[in-house]
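Note that the working numbering has the sequence shown beginning at 906, numbered continuously upward. We put the CB at the ideal spot given by N, CA and C, even for glycine. Here the structure is a predicted model, which is why all the values come from computation and not from measurement.
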Amino acid sequence: MLCQTATLKNERVFSSRQVVLVQYAARANREAQFSYAFPGGSKNMARMHSRAKGKSGSTKPAKPTKPVWLKYKAKEVELLIVKYAKEGLSASQIGTTLRDKYGIPSVKLVTGKSIGAILQEKNFAPEIPEDLLALMKRSVQIRKHLEQNKH
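Have a look at this one:
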């Protein structure tokens, strides 16, 4: 890697402090091509609890369609959701169970409705939403911890 001042075709000047100039010869026509890196390294932000930078990660497909290999019909999936709701599982637990046990990647792709919407239709929706309930439980746990651990 070379650190130097570079002038491009549009007459912009980059100093070595701003840009690290990397030259390499193109295979086809052997002209010099330039690739720029930011002074601190990558322009991507670091991950939360590590120094790793990058764009890798799990992503959902761009055009979501029902998988061809899925053998369950919409009615069957709704019956499974009601069954697990009667057992007392939350919407996220139902989704995880359907994914792990039955191989259903997304209920919304199969039925056209989310698990929460299906639970509301069948009158199994909780009075307090699941995410709000989790925040309330966490708040209680933190208060309890602070009471026990006064310094």
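| Asked | Found |
| --- | --- |
| Residue 1005 versus residue 974 - alpha carbon distance | 15 angstroms |
| Inter-stretch contact at 8 angstroms, needing at least 3 Cβ pairs: the segment 982 to 996 / the segment 959 to 969 | no |
| Environment of residue 990 [buried if 16+ CB atoms lie within 10 Å] | buried |
| When 957, 955, 972 and 952 are compared against residue 1014, the one with the closest alpha-carbon | 972 |
| Cα-Cα separation, residue 968 to residue 1012 | 15 angstroms |
| Buried versus exposed call for residue 1045 [16 or more other C-beta atoms within 10 Å across all chains shown] | exposed |
| The ligand MG heavy atom lying under 7 angstroms from the CB of residue 1007 | The ligand MG is absent from the structure shown, which contains no ligand whatsoever. |
| Secondary structure of residue 923, DSSP reduced to three states | The predicted position of residue 923 is uncertain, since its pLDDT is 44 and thus under 50; no value can be drawn from it. |
| Cut-off 7 angstroms between Cβ atoms - residues of its own chain near residue 1020, not counting five sequence neighbours on either side | 986, 996, 999, 1000 and 1012 |
| Beta-carbon gap between residue 992 and residue 1016 smaller than 8 angstroms | no |
| Buried versus exposed, by CB contacts within 10 Å (16 or more), residue 927 | Below a pLDDT of 50, predicted positions are generally treated as unreliable, and residue 927, at 38, falls in that range; no measurement from the model is reported. |
| Residue 951 (DSSP reduced to helix, strand or coil) | strand |
| Residue span of the alpha helix (DSSP H) that contains residue 992, given as start and end | Premise fails: residue 992 is in no alpha helix (DSSP H) and is neither H nor E. |
| For residue 1013, the residue or residues it bridges with in DSSP | For residue 1013, which the question treats as bridged, DSSP gives no partner whatsoever. |
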